[in-house]
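Asks:
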Amino acid sequence: MDVSPTAKAVQDGQTNVIEDVELGTQESCSTTETAISPAADRALLRKQDKRIVPLSAAIYFLCYLDRSNIGNAKILNSSTHDDLMSETGMTDYQYTISLMVFLVAYGLFEVPSNVLLKKLRPSRWIATLMFGWGACSMGLSGAHNYAAVVGVRFVLGVFEAGLFPGLVYYLTFWYKGDERSIRVAFILASATLAGAFGGAIAYGVGHINQAHGLSAWRWLFIIEGAPSCLSAFLVLFFLPDYPETVSWLSEEERVLALRRLQVEGSKGLHKSNWWGDAKETLVDWRLWGHYAIYFGISTPFSSLSLFTPSITAGLGYEDLQAQLMTVPPYAVAYVVQILVSWSADHFNSRGIHSAVMATVGACGFLASAALPADAYAHRYGCLVVAATGAFACIPPLLGWLSSNIFSTGSVGLAIALNIGLAGAPG
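If you number the sequence shown the way our numbering does, the last residue is 989 and the count never jumps.
(1) Compare the beta carbon distance of ALA711 and GLY720 with 9 Å and say whether it is the shorter of the two.
(2) Using 8 Å as the Cβ pair cut-off and three pairs as the minimum, do the segment 601-619 and the segment 652-660 touch?
(3) Following the continuous alpha helix (DSSP H) through THR951, name the residue where it begins and the one where it ends.
(4) Pop quiz: ILE638 and SER873 are said to be a contact at Cβ under 8 Å. What is the actual Cβ separation, rounded to whole angstroms?
(5) If we require 4 or more residues per run, which alpha helix (DSSP H) segments fall completely within the segment 596-679?
(6) Nearest-angstrom Cα distance between PHE624 and VAL818?
(7) Looking only at DSSP bridge pairs, what is ALA774 linked to?
(8) If you compare alpha carbons, which of ASP604, ALA774, LEU824, PHE665 is closest to GLY725?
(9) Ordered along the chain, which non-local residues of its own chain (more than five positions away) have a Cβ less than 6 Å from that of LEU845?
(10) For ARG746, which residues in the same chain have their Cβ closer than 7 Å to its Cβ, ignoring the five residues on either side in sequence?
(11) How many angstroms separate the CA atom of PRO728 from the CA atom of PRO685?
(12) Taking only the alpha-carbon atoms, compute the straight-line gap between GLU582 and ILE915 and give it to the nearest angstrom.
(13) Grouping DSSP H, G and I as helix and E and B as strand, with all else coil, what is THR691?
(14) What is the rounded straight-line gap between the Cα of ASP804 and the Cα of ALA940?
(15) Which same chain residues, not among the five before or five after PHE954, have their C-beta less than 6 Å away from its C-beta?
(16) Could you spell out the range, first to last residue, of the alpha helix (DSSP H) harbouring HIS909?
(17) By DSSP, does GLN825 sit in helix, in strand, or in coil?
(18) What does the Cβ neighbour count give for PRO863, buried or exposed, with the cut at 16 atoms within 10 Å?
(19) Helix or strand or just coil, what does DSSP make of GLY705?
(20) How big is the Cα-Cα spacing for ARG687 and PHE722?
(21) Considering only residues of the same chain and omitting the five flanking positions on each side of HIS853, which have a CB-CB separation below 7 Å?
(22) Can you give me the Cβ contacts of PHE928 inside the same chain, cut-off strictly under 7 Å, excluding the 5 residues immediately before and after it?
(23) Could you name the residues of the same chain whose beta carbon sits closer than 6 Å to that of GLY909, not counting the 5 residues immediately before and after it, in chain order?
(24) Tell me the rounded alpha-carbon separation between SER791 and ALA603.
(25) Between the C-alpha atoms of GLU585 and GLY788, what's the straight-line distance to the nearest angstrom?
(26) Within the chosen definition, does the segment 795-814 reach the segment 689-700 through at least 3 CB pairs nearer than 8 Å?
(27) Going by Cα to Cα distance, which pick from ALA606, SER600, SER631, ARG614 is closest to VAL809?
(28) What is the DSSP secondary structure of THR862, counted as helix, strand or coil?
(29) Nearest-angstrom Cα distance between HIS775 and GLY761?
(30) Assign ALA977 to one of three DSSP states: helix, strand, or coil.
(31) Report the residue from LEU799, TYR766, PHE801 whose alpha carbon sits nearest the alpha carbon of ILE786.
(32) Quick check: ALA925 and ASN677, are their CB atoms within less than 9 Å of each other?
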């Protein structure tokens, strides 16, 4: 039986063999370039999308659910003093510290995580992260004091740090620069779905308070953490690593997939020169401009992920109703985020789209601050506008960054630094 060049590279596993194979692949690409039609290109994209985008979005959905549920737990059944704050004896200051330690861990471990993703392969590393953060979420259900909450939240940050930058990096192995923003948006949009579903789930879980002797907030951590642990095994077997290694692409489709990414994509089986890439990335002043911009626009995104339930509780909605009222801002943000990202890719204008939506979000926050404290309905409308802008400005900016870097190692490092230095869970 004949062995395809790409399959041979995977089987041999040697760097020199891979390099020879890729040279052969490039030659075959150049000779067959005229025979590849736009229809074949679109068919390949659809095939990749079916395997990659829904699964990646589902993974991030579970990640965001487990990250943000502490905000729901803070006020869940607070009217009966069965909430997280009452049962752990935490003050508001201590609660803030428990959120900050997550961000510290998140910022510290993003770069190492992206290095490991490339070395261990995406499916293995992401499955490991997934099981870890699911276990941490379930572990929070057993917390009885401030120290336990802080400790578990730090470890949760370690595991979740690698997911979003890892997924953005992962897309560069499969898609060109002008194809990434919309796919990042679909993945990031799952966070808005998680925010909406998280509020709805918390509302439902609030009705089983003290079932089997456990408060509803403890059940919330268990119910939302368990799916991540179970799904990790599915991710291990079903998340495709690289175009060169999957069996569901034909040989012609592999050649096309590799040719599309010769100039602007990451190479899955290339051995990266991490020290050289690190030096190149760290001294590029243009990238530091990206980092500074991302720091500014990602802060509201991070705040909303943790404080939306508390914000709605301060707008005249109480207890379980406050959980339910977190749904509309996320629902609107989901739709707008997809539309803006499609437009950014279609018109190849990511910076402008990101700037406009960041301005929209800022206007929402400023208007809310300027309104009287008791103007609940108007301030709630401002929350919807703020959330829409805060979420929609992120994908075009990340697509812009990844499309301006061309070496495999530099892409992974720059994405991780971009999100990590911002200190905001993207």
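Heads up, the beta-carbon is just placed ideally off N, CA and C, and yes, glycines get one too.
Every value quoted in this text rests on a predicted model; they were computed, and no experiment measured them.
Replies: Concretely, from the data shown:
(1) no
(2) No: the two stretches stay apart, fewer than three of their Cβ pairs being nearer than 8 Å.
(3) 939-955
(4) 6 Å
(5) 601-638, 647-651
(6) 32 Å
(7) Per DSSP, LEU777.
(8) PHE665
(9) Nothing meets the Cβ criterion.
(10) VAL616, LEU734, TYR738
(11) Near 12 Å, if we compare the C-alpha coordinates of PRO685 and PRO728.
(12) Low local confidence applies: a pLDDT of 39 at GLU582 is under 50, so the model's placement there is unreliable, and no value is given.
(13) helix
(14) 47 Å
(15) THR755, ALA896, GLN900
(16) 890-909
(17) Residue state for GLN825 is assigned as coil, using DSSP reduced to three classes.
(18) buried
(19) coil
(20) 13 Å
(21) Setting aside the 5 residues that flank it on each side, HIS853 is surrounded in the same chain by LEU964, ASN981, each with a C-beta closer than 7 Å to its C-beta; the list follows chain order.
(22) PRO863, ALA949
(23) For the record, residue 909 in the displayed sequence is His; it is not Gly. Counting only Cβ-Cβ distances below 6 Å, and skipping sequence neighbours, we find nothing.
(24) 36 Å
(25) In this prediction, GLU585 scores a pLDDT of 40, lower than 50, which makes its location untrustworthy; no coordinate-derived value is stated.
(26) yes
(27) ARG614
(28) THR862 falls in the helix class under three-state DSSP.
(29) 22 Å
(30) helix
(31) TYR766
(32) No.
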